[in-house]
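Encoded as structure tokens, the structure appears first; notes follow it.
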Amino acid sequence: MLIVKKFGGSSVANRERIFNVARRCIEDYKAGHDVVVVLSAMGDTTDDLIDMARSINEHPPKREMDMLLSVGEQMSVAYMGMAMDALGVPAVSLNAFQVQMHTNSSYGAAKLKRIDTERIRNELEMHKIVIVTGFQGVNKFDDVTTLGRGGSDTTAVALAACLHADSCEIYTDVDGVYTADPRIVPNARKLSEISYSEMLEMATLGAKVLHNRSVEMANKYGVRLVVRSSLNTNEGTVVKEAARMEKMIVSGVASDKDVARISVMGVENEPGIAFKVFNSLAKKKINVDIILQSVGRDGTKDIAFTVARGDVEAAIDVIREDMKIFTAKGYEVEEGVAKVSVIGAGMTSHPGVAAKMFEALSGGGINIKMISTSEIRITVVVDEADADRAVRRIHDAFDLGD
């Protein structure tokens with residue numbers, strides 16, 4: 002049996018936790034399984050590296066940032082190799098270049114293209130635990146690239162897919178996937194299982210348990226995911242093709258405060274204007290989420306949309322540059338907002354979900370600024386100050402707690 006285990010930064014934050022992870026991996030190894038371990042950088046290492054970089058250069062080149070940030074994972078895997086050796090178990094640490102994890106050249110947000118598994122398989126055949134750096138790859142120029150924050154999850158799933166692993170276990174500092182963030186909703190309930198589609202929506206809409214690209218990849222290649230805590234041996238949450246959470250209509254509530262709303266006002270009400278706005282943003286690789294178009298005065302319309310706060314400056318630069326192309330009269334930016342979403346595969350066959358959600362928000366005096374829906378989720382934009390309260394009210398309305 003081949004198991005891929007991924008441990009996040011908090012799981013390897015210090016010497017004690019490194020040895021804890023080493024022992025957990027060794028248990029499976031001694032049980033006769035092949036074990037591949039994927040690690041993130043220790044604790045706050047990545048944040049510390051970013052802070053130092055920006056103290057030197059406020060706008061550091063993305064290539065150099067990737068070169069810098071890859072150091073964190075290399076520290077983690079080297080320390081883990083040392084810990085396993087100290088415990089008397091053969092192990093080898095490998096970085097992205099040694100494995101040959103090929104990516105494109107989008108520094109800071111690279112996409113995996115293929116993985117050469119020969120080195121890993123050779124090391125496994127020599128009965129070693131293989132420890133691989135998460136979050137990083139190598140492009141066609143032999144430059145180090147990074148996959149974006151949370152990219153170690155994607156590394157683990159990609160390796161599990163390429164190696165045809167029997168299981169991919171994602172270890173964090175929580176016991177599994179909950180109906181809401183337990184730090185916001187104390188009575189949030191852990192789910193025993195959840196579908197790929199629901200997990201993808203929750204990850205995309207603010208749940209921090211799994212990286213959304215890793216869920217997409219797991220779904221595409223049929224990788225069985227298990228989300229567990231590295232701090233205890235409790236059963237986790239299984240992410241799989243089809244899951245039925247005790248016939249729940251809504252499986253969870255998520256919030257995302259990394260949001261800003263941009264409104265482009267007074268554009269001409271004619272075909273092609275929306276294309277011009279969003280095509281210009283796409284060319285700058287700015288992801289747009291919720292979109293709302295409303296009819297304005299004098300034959301014009303307003304277009305509002307949300308972006309990540311880190312993309313606001315770039316988005317505004319695009320709008321300023323192309324104001325004449327949009328024939329826009331102006332724009333507004335609102336950063337103090339958040340997205341709150343309900344997710345559930347059962348929603349499609351149960352009318353009234355939206356009404357119950359809106360009733361919960363109305364009862365709390367929470368104003369809705371924008372609304373977006375899909376088959377398995379409803380998302381609203383509210384004031385950031387109301388986000389946590391909105392999550393709790395919606396969670397209670399659907400009776401999702403313990």
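When you line the sequence shown up against my numbering, it's residues 2 to 403, in that order. C-beta: ideal position from N, C-alpha, C; glycine also. The structure displayed is predicted, hence computed values, not measured ones.
Within the stretch 122-198, the complete beta strand (DSSP E) segments at least 3 residues long are 130-134, 137-139, 145-147, 168-173, 194-196, listed from N- to C-terminus.
The shortest CA-to-CA distance from Leu293 to any of Lys277, Asp312, Leu282, Val265 is the one to Val265.
The stretch 276-288 makes contact with the stretch 325-340; the number of CB pairs closer than 8 Å reaches 3 or more. Below 8 Å, too few C-beta pairs join the stretch 160-178 and the stretch 361-376 to call them touching: fewer than three.
In the structure shown, the three-state DSSP call for Ala14 is coil.
Setting aside the 5 residues that flank it on each side, Cys26 is surrounded in the same chain by Lys6, Val36, Val38, Ile130, each with a C-beta closer than 7 Å to its C-beta; the list follows chain order.
Here DSSP, grouped into helix, strand and coil, assigns Tyr332 to strand. Between Arg120 and His103, the gap from beta carbon to beta carbon reaches 8 Å or more. DSSP places Arg378 within a strand segment (E or B) once states are collapsed to three. Beta-bridge pairing by DSSP links Gly253 to Ile344. Scanning Leu113, Glu126, His128, Leu401 for the CA closest to the CA of Val139 turns up Leu113. When the beta-carbon positions are compared, Tyr30 and Val90 come within less than 8 Å of each other.
Its Cα nearest to that of Val227, the residue Tyr197 stands out among Val133, Tyr197, Gly149. A contact is defined here as three or more CB-CB pairs under 8 Å, and the stretch 168-180 meets this definition with respect to the stretch 197-210. Within the DSSP secondary-structure output, Phe8 pairs in a beta bridge with Leu40, Tyr172.
Within 10 angstroms of the beta-carbon of Met127 lie fewer than 16 other beta-carbons, which makes it exposed. When Ala261, Ile250, Leu3 are compared, the shortest CA-CA separation from Ala32 is found for Leu3. Taking the CA atoms as reference points, Asp397 sits about 39 Å from Ala111. Between Ser193 and Ala388, the C-beta gap is not smaller than 8 Å, which leaves the two residues out of contact. For Phe306, the enclosing beta strand (DSSP E) stretches over residues 301-308. Annotation for Val313: the continuous alpha helix (DSSP H) segment containing it runs 313-322. Between the beta-carbon of Met200 and that of Val239 there is about 10 Å, and that puts the pair past the 8 Å contact cut. For Met66, the uninterrupted alpha helix (DSSP H) run begins and ends at 63-87, by DSSP. The three-state reading of DSSP puts Glu28 in helix, counting H, G and I together. In this structure, the CA atom of Gly10 is about 14 Å from the CA atom of Ala157.
Contact between Arg55 and Pro61 is confirmed by a C-beta separation of about 7 Å, below the 8 Å threshold. Proximity to Arg64 across Ala92, Gly135, Asp144, Asn123 peaks at Asp144, based on C-alpha coordinates. When secondary structure is reduced to three states using DSSP, Val338 falls in the strand class.
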